[in-house]
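Peer 1:
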Amino acid sequence: MQGGILFNPLGTPARKGGAVPLGHHFGEAKSIWGKAASPTEPCASSKWLWAVPVPQRACGFTCTSHLRHAWGDGVADKGSWGVWGQLASGGPPATAGLLSALAGCDSGFGQATARHLDAMGFRVFASVLDPQGAGAQELRRSCSPRLTLLQMDLTKPEDIQRVLQHVQAHTNSTGLWGLVNNAGFNDTIADAELSPLGKFRTCMEVNFFGSLELTKGLLPLLRSASGRIVTVSSPAGDLPFPCLAAYGASKAALSLLMDTFRSELQPWGIKVSLILPGYYKTGTTCDPAFWNLQKQRLVASLPQELLQAYGEDYVEEINRQFIQFMKVAVEDLSAVVNSITDGLLAANPAVRYYPGQGLGLMYFIHPGGQGCTSQAPLSSTPCCSHRPGTGWGWSERPGPHRVVQPPCLQEKQVSQVTQEWHQAPLPQLWG
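With this note's numbering applied, the sequence shown covers 599 to 1029.
Next up, the structure:
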């Protein structure tokens, strides 16, 4: 279909008359024309597109990826361009809703994404763990009446079923355009042997089984709209991050599940994307008091023999280093929100997004990582804050990368091969 759209490359929207809310689309092939107008107000991104008002229909999308073909029709004063192009198919129906599924729209990526999509004109069903908490109150205050808050604990099947019934009742006639699985839980920083089995089970219940049950329950609605599934996973599911065995294993299972859904749901036109963000400040992840409390509980729960084998000082040190690492966490969540939005709205969304700084290099150099595989990000991809050679501070030897070794290992000699590995110069990545 053809469309006339105003696009300003300098980051200022061009309006003339009343603009159509973002997210609307053509219900039929229709040729419309318009002229570029002078910019009237600032815009946060250089990628916003605004529709030219016309007597009958108009459209508005938010990303240049929605244009399959585009060409300029001259440049107006003050930098506004009239862009005429063929809109890529696959935009969301105007009546479709979007569900942000997580016991985590209370804060972090979930809350930021819910606010962003609500501002774009979507109907959002946002799940929260505490409907009376500060995060839920903030969503009520800052979002439109279109946003619906639903209480859900992903470890409780009855909560998931209640949310499924609510969404089905309100979208059964229209279908559901998008599902955002944003579940993420971890409260243990320790070796796999030190991590209680209950922690593994809880991570799997929230990060994997909860998302699985929610996704399966909404697939009929997603099929009817040929919609999108966007899931926030983690690089810890790709790489053997130190002391994140429970969390990493659950995210690895989640990533593989979504890769499977991507293949199986292709005949229905459902597109599935993964978001693998770097280290961001979300929820309690950057609260030293929270991690100190978890460390104390871990030490108290360990069998004396196991605690002696590793040493309490080792548990203290990995907790200290993790808290130190939190200082480089990124506060601005916009890169993640933009990646989620692109996965929902782009005509051809990426299979994987890596928002943040340094993830490409981390995948390249991390022992046991994927290196330069088809799924690993390019080294130029902006992702999490990571300085080569420092990692989480565990850079003294390969493998688990511990600075402090358990007493049972301190007497063992490091092999000549390992010494040579440390002494070898870093590869020259740039000329």
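Note that CB positions come from ideal geometry on N, CA and C, so glycine has one too.
#1: Taking C-beta to C-beta, are V722 and L745 nearer than 7 Å?
#2: Measure from the alpha carbon of S742 to the alpha carbon of each residue in E915, A724 and E791, then state which is nearest.
#3: Roughly how many angstroms separate the alpha carbons of L891 and A945, rounded to a whole number?
#4: Helix, strand or coil for N946? Go by DSSP, reduced to three states.
#5: Which residue wins for smallest C-alpha separation from E803, given the options S848, S824 and K814?
#6: Measure the C-alpha to C-alpha separation of R895 and F888 and round it to an integer number of angstroms.
#7: Within the continuous alpha helix (DSSP H) that includes K797, where are the two ends?
#8: What residues are listed by DSSP as bridge partners for Y878?
#9: Please report how far the alpha carbon of G835 lies from the alpha carbon of D911, in whole angstroms.
#10: Indicate the three-state DSSP secondary structure (helix, strand or coil) for I963 in the structure shown.
#11: DSSP three-state label for L810, please.
#12: Of the residues A732, S937 and V870, which one's Cα is nearest the Cα of L854?
#13: Using C-beta distances below 7 Å, list every residue in its chain close to S822, excluding the 5 sequence neighbours before and after it, in chain order.
#14: Which parts of the stretch 837-914 are runs of the beta strand (DSSP E), unbroken and 3 residues or longer, counting only runs that do not cross its ends?
#15: Do you know how far the Cα of Q919 is from the Cα of P865?
#16: When we look at the beta-carbon of T829 and count the other beta-carbons within 10 Å, is it buried (16 or more) or exposed?
#17: With A781 as the anchor, note down where its alpha helix (DSSP H) starts and where it stops.
#18: How about L747 and V726: are their beta carbons less than 7 Å apart?
#19: Once you ignore the five residues that flank C841 on each side, which residues in its own chain have a CB closer than 7 Å to its CB?
#20: Residues in its own chain within less than 6 Å of S977 by CB, not counting five upstream and five downstream?
#21: So, under 8 Å CB-CB, P833 and L874 are touching, yes? Tell me the CB distance rounded to an integer number of Å.
#22: May I ask which residues mark the beginning and end of the alpha helix (DSSP H) holding V765?
#23: Looking at C-alpha atoms only, which residue of C703, G708 and D940 is the closest neighbour of R826?
#24: How many angstroms separate the CA atom of T711 from the CA atom of F720?
#25: Can you look up P975 in the DSSP assignment and give me helix, strand or coil?
#26: Is it right to say Q763 is buried, meaning 16 or more other beta carbons lie within 10 angstroms of its own, or is it exposed?
#27: How many angstroms separate the CA atom of Y951 from the CA atom of L817?
#28: Taking buried to mean at least 16 other C-beta atoms within 10 Å of its own C-beta, is R713 buried or exposed?
#29: Are the beta-carbon atoms belonging to Y877 and A927 less than 7 Å from one another?
#30: Does A717 come out as helix, strand or coil in the three-state DSSP assignment?
#31: Is it buried or exposed, D716, if we count other Cβ atoms within 10 angstroms and call 16 or more buried?
#32: Do you know whose CA, among L900, D857 and K925, lies nearest A948's CA?
#33: May I ask you to list the residues that DSSP assigns as paired with Y951?
#34: Express the C-alpha separation of G954 and Q709 in angstroms, rounding to a whole number.
#35: With DSSP as the reference, label A834 as helix, strand or coil.
#36: Indicate whether L1045 and T769 have their beta-carbon atoms separated by less than 7 Å.
Peer 2: Answer, in terms of the structure:
#1: Cβ distance < 7 Å, so V722 and L745 count as in contact.
#2: That would be A724, whose Cα lies nearest to the Cα of S742.
#3: So the two alpha carbons sit approximately 46 Å from each other.
#4: Looking at N946 - three-state DSSP - the assignment turns out to be coil, as it is neither helix nor strand.
#5: Ranking S848, S824 and K814 by CA distance to the CA of E803 puts S848 first.
#6: The straight-line gap from Cα to Cα measures roughly 11 Å.
#7: Secondary structure note for K797: its alpha helix (DSSP H) is the uninterrupted segment L795 to C801.
#8: DSSP output for Y878 lists V928 as bridge partner(s).
#9: Here the alpha carbon of G835 sits roughly 28 Å from the alpha carbon of D911.
#10: Helix.
#11: Secondary structure of L810 (DSSP, three-state): helix.
#12: Check the Cα spacing between L854 and each of A732, S937 and V870: the tightest is with V870.
#13: G773.
#14: Runs of the beta strand (DSSP E) inside the stretch 837-914: 869-873.
#15: Whole-angstrom Cα-Cα distance: 47 Å.
#16: When all chains shown are included, T829 counts as buried.
#17: No alpha helix (DSSP H) contains A781, which DSSP labels as neither H nor E.
#18: Yes; because the gap between Cβ atoms is below 7 Å, this pair is in contact.
#19: The residues are I787, A788, D789 and I916.
#20: Confidence at S977 is low in this model, with a pLDDT of 32, below 50, so the placement of that residue should be treated as unreliable; the coordinate-derived value is given next. Closer than 6 Å at the Cβ level, and outside the excluded window around S977, lie G958, L959 and F962.
#21: Contact holds; Cβ gap of about 5 Å.
#22: Unbroken alpha helix (DSSP H) run through V765: P755 to T769.
#23: Ranked by how close their Cα comes to the Cα of R826, the residues C703, G708 and D940 have D940 in first place.
#24: Answer to the nearest angstrom: the Cα atoms are 11 Å apart.
#25: Residue placement at P975 is flagged as unreliable, the pLDDT there being 45, under the threshold of 50; the coordinate-derived value follows with that caveat. Three-state DSSP puts P975 in coil, outside helix and strand.
#26: Q763 is exposed by the Cβ-count criterion.
#27: Rounded to whole angstroms, the gap between the alpha carbons of Y951 and L817 is 22 Å.
#28: When all chains shown are included, R713 counts as buried.
#29: In contact: Y877 and A927 (Cβ atoms closer than 7 Å).
#30: Per DSSP, reduced to three states, the secondary structure at A717 is helical.
#31: By the C-beta density criterion, D716 is buried, having at least 16 other C-beta atoms within 10 angstroms.
#32: Of L900, D857 and K925, the smallest CA-CA separation from A948 is found for D857.
#33: In the DSSP assignment, Y951 is bridged to I873.
#34: Answer to the nearest angstrom: the Cα atoms are 18 Å apart.
#35: A834: helix per DSSP, three-state reduction.
#36: The requested residue 1045 is not part of the displayed model; the chain covers only 599 to 1029.
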